[in-house]
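Note sheet for the following structure.
Numbering (the numbering used here), first residue to last: 73 to 237.
Right under this line is the structure:
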């Protein structure tokens, strides 16, 4: 069964934003992004003006998808954490639930250990919100599945009669 579309209410978005803002401060990171697996930015915290957020979101989703392929090649279910170390900045990418990707950009003023510790707590909090959103989406898709279209009773014969064929 396909996953229902994720529709988020303002209160849920504000809760996500608060979690990643706290993560950005607690981990002493420069920027934190929350992205969905389709490459769309959900929320951000920190100095986001210096980064092309759209490109970062789509490239991160592509990176996660490619890494999922690598994991399957060697018999793993997935790699839930990616780390890229640069000269100035580092990138910590982790999968949150089945829908989200948490991206933390940090430099030498922080450490990988601190980022991993803070991401672990934030991921649990984010997962709870995603589960609420998904549960609501499942409930609403079940409600609409009982809806019967007024056109469901129209047959091909009715259409032929209408158009004179």
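Beta carbons are placed, not taken as given, at the ideal position from N, Cα and C, and that holds for glycine.
In three-state DSSP terms, what is residue i?
i, result
"residue 236", "coil"
"residue 151", "coil"
"residue 101", "coil"
"residue 113", "strand"
"residue 166", "strand"
"residue 91", "helix"
"residue 157", "strand"
"residue 96", "helix"
"residue 201", "helix"
"residue 228", "helix"
"residue 32", "Because the chain is modelled from 73 through 237, residue 32 falls outside the range shown and cannot be assessed."
"residue 187", "helix"
"residue 79", "coil"
Throw me the rounded Cβ distance for the residue i and residue j pair, which I believe falls under 8 Å.
i, j, result
"residue 166", "residue 191", "6 Å"
"residue 107", "residue 133", "6 Å"
"residue 92", "residue 125", "At roughly 13 Å, the Cβ-Cβ gap does not stay under 8 Å, so residue 92 and residue 125 are not in contact."
"residue 23", "residue 122", "The structure shown has nothing for residue 23, since the chain only spans 73 to 237."
"residue 79", "residue 209", "6 Å"
Could you tell me if residue i is buried or exposed, where buried requires 16 or more neighbouring beta carbons within 10 angstroms of its beta carbon?
i, result
"residue 178", "buried"
"residue 127", "exposed"
"residue 202", "buried"
"residue 205", "buried"
"residue 183", "exposed"
Counting only C-beta atoms, is residue i closer than 7 Å to chain D at any point?
i, result
"residue 148", "The chain labelled as chain D is not found in the depicted structure, where only one protein chain is given."
Which same chain residues, not among the five before or five after residue i, have their C-beta less than 7 Å away from its C-beta?
i, result
"residue 112", "129"
"residue 193", "none"
"residue 187", "99, 101, 164, 176, 178"
"residue 120", "103"
Excluding the 5 residues flanking residue i on each side, which residues of the same chain have their C-beta closer than 8 Å to its C-beta?
i, result
"residue 136", "109, 154, 165, 167, 173"
"residue 73", "Since pLDDT at residue 73 reaches only 38, below the 50 mark, its modelled position is unreliable, and the value read off the structure follows with that caveat. Hits under 8 Å: none found."
Leaving out the 5 sequence neighbours to the left and right, which residues in its chain are closer than 6 Å to residue i when beta-carbon positions are compared?
i, result
"residue 234", "none"
"residue 144", "none"
What do you reckon, is the C-beta of residue i under 6 Å from a heavy atom of the ligand COA?
i, result
"residue 228", "As for the ligand COA, it is missing from this structure, which has no ligand bound."
Any chance the stretch 82–102 sits against the stretch 157–176, with 3 or more Cβ pairs inside 8 Å? yes
Measuring CB atoms only, is the stretch 169–188 touching the stretch 198–211, in the sense that at least three cross pairs come out at less than 8 Å? yes
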